[in-house]
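Participant:
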Amino acid sequence: MTYRGIVSKGVVLLESDQLSDGTLVEVTPVAVDFWQSPTLEELARAQDVRPMADVRALFGTWPGKADDGFEASIDDLRHNGDGRR
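The following block contains the structure:
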């Protein structure tokens, strides 16, 4: 039986926590840059985010009308979702 996992900072992280001594483990090292988060400026540049020219464009968009069906839609998705996760 083979358990899969990854190496993080020299430690093997396994997908399963039910191992006995001597269990064969197949691991894949994680790239160093995986652990380094980009700055907000780098994220904004990568996503082509620009400052809003006029914040008034947001007025009246949230939270919406008192009974616009939003809450009912979320409740329906939570209880009868389409199976995608």
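In the numbering used here, the protein residues as written are -4 to 80. Positions of the beta carbon are idealized from the N, C-alpha and C atoms, including for glycine.
How many Å lie between Glu66 and Phe54 at the Cα?
Facilitator: Numbered from its first residue, the sequence shown carries residue 66 at position 71. Numbered from its first residue, the sequence shown carries residue 54 at position 59. For Glu66 and Phe54, the distance between alpha carbons rounds to 20 Å.
Participant: Could you pull out every unbroken alpha helix (DSSP H) segment of at least 4 residues lying fully inside the stretch -2 to 68, listed in chain order?
Facilitator: Those alpha helix (DSSP H) runs which fall completely within the stretch -2 to 68 and span 4+ residues are 35 to 41.
Participant: Between Phe29 and Ser15, what straight-line distance do the alpha-carbon atoms span, to the nearest angstrom?
Facilitator: For the purposes of this step, residue 29 is taken as residue 34 along the sequence shown, with counting starting at 1. For the purposes of this step, residue 15 is taken as residue 20 along the sequence shown, with counting starting at 1. So the alpha carbons of these two residues sit roughly 30 Å apart.
Participant: Just tell me which of Gly17, Arg(-1) and Leu19 has its CA closest to the CA of Glu10.
Facilitator: Working through the sequence shown from its first residue, we reach residue 10 at position 15. Comparing Cα-Cα distances from Glu10 to each of Gly17, Arg(-1) and Leu19, the minimum goes to Arg(-1).
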